[in-house]
Amino acid sequence: MKKLGFILVLALLTTVNSIAQEINWVTFEEALELQKKEPKKIMMDVYTNWCGPCKMLDKNTFQNKDVAAYVNKHYYAVKFNGEGNEKVTYDGRNFENTGYKPELANRRNSAHPLANYLQVDAYPTIVFFGEDAKVLTPLRGYQQPQQLELYLKLFKDNEHVNMKSQEDFNAYFEAFKPEFKS
Numbered sequence: 096m097k098k099l100g101f102i103l104v105l106a107l108l109t110t111v112n113s114i115a116q117e118i119n120w121v122t123f124e125e126a127l128e129l130q131k132k133e134p135k136k137i138m139m140d141v142y143t144n145w146c147g148p149c150k151m152l153d154k155n156t157f158q159n160k161d162v163a164a165y166v167n168k169h170y171y172a173v174k175f176n177g178e179g180n181e182k183v184t185y186d187g188r189n190f191e192n193t194g195y196k197p198e199l200a201n202r203r204n205s206a207h208p209l210a211n212y213l214q215v216d217a218y219p220t221i222v223f224f225g226e227d228a229k230v231l232t233p234l235r236g237y238q239q240p241q242q243l244e245l246y247l248k249l250f251k252d253n254e255h256v257n258m259k260s261q262e263d264f265n266a267y268f269e270a271f272k273p274e275f276k277s
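Mapping of the sequence shown onto the numbering used here: residues 96 to 277, in sequence order.
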């Protein structure tokens, strides 16, 4: 009986822990509205349904409790399908994927015009936006938790503002001490 109780408590703690690790995703337009009330930077995960590294980013990085806690506290997090059919208004423009084909929803499809506008040319790409909703940079490729930590903190603390050269970034990179657990 004690064993069963221990197993139930362990299962409950595991469930609560996994729930606490989720990033609070919102749509891009919701993030833009939230910025007006409480300014924060935006982190946009641009993915596709067919992209293997995108699924790894979801499973290994975005499920990491340190990443989730940091993102939820300091950013508005957006998931955006770079080949989807979502209609979006950004930067005074309307974006709609008129080449989208529903039968190709889980295969390669037409690139969304917003993805092109944001200079996304590979998946996954994490696009960082400032509090003014202007693009800071697109970060291409799969990022492990500690790799993403560097950029999350770089932009959150506005360290990028003082970087004028590759050497400045290299110095930041060399001095950076990751705190997120893998």
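We treat Cβ as the ideally placed atom computed from N, Cα and C, and that holds for glycine.
Because the structure is a prediction, the values reported are computed rather than measured.
- Beta-carbon proximity list for GLN214, same chain, < 7 angstroms, skipping 5 on both sides: PRO233
- Please determine, among GLY225, GLY177, VAL230, ASP227, the residue with the shortest C-alpha to C-alpha distance to ASN204. GLY177
- Task: For GLY225, collect the residues of the same chain with a Cβ closer than 7 angstroms to its Cβ; drop the 5 residues on either side in sequence, then sort them by chain order.
- Result: LYS136, LEU231
- Message: Is it the case that the segment 137-152 contacts the segment 165-181, given that we only count it when at least three CB pairs across the two stretches are under 8 angstroms?
- Response: yes
- Message: Would you call the segment 242-256 in contact with the segment 160-173, where contact means no fewer than 3 C-beta pairs closer than 8 angstroms?
- Response: yes
- Of all the alpha helix (DSSP H) runs that stay within the bounds of the segment 126-204, which reach a length of 4 or more residues? 147-151, 160-169
- Which residue from VAL183, THR193, THR220 puts its Cα closest to that of LEU209? VAL183
- Query: Below 7 angstroms between beta carbons: does that hold for GLN241 and PRO273?
  - Reply: yes
- Message: Can you find the residues in the same chain that come closer than 7 angstroms, C-beta to C-beta, to ALA126, ignoring five residues on each side of it along the sequence?
- Response: ILE137, TYR171, VAL173
- Compute the Euclidean distance between the alpha carbons of ALA266 and TYR185, then round it to the nearest angstrom. 34 angstroms
- Message: Once the 5 residues before and after SER277 are set aside, which same chain residues still bring their CB inside 7 angstroms of it?
- Response: GLN239, PRO240, GLN241
- Taking the beta strand (DSSP E) that PRO240 falls in, what are its first and last residues? Note, PRO240: premise wrong, no beta strand (DSSP E); alpha helix (DSSP H) at 240-251.
- Query: So the alpha helix (DSSP H) PHE268 belongs to, where does it begin and stop?
  - Reply: 261-270
- Message: Taking its Cβ as the centre, do 16 or more other Cβ atoms sit within 10 Å of PRO197, making it buried, or is it exposed?
- Response: exposed
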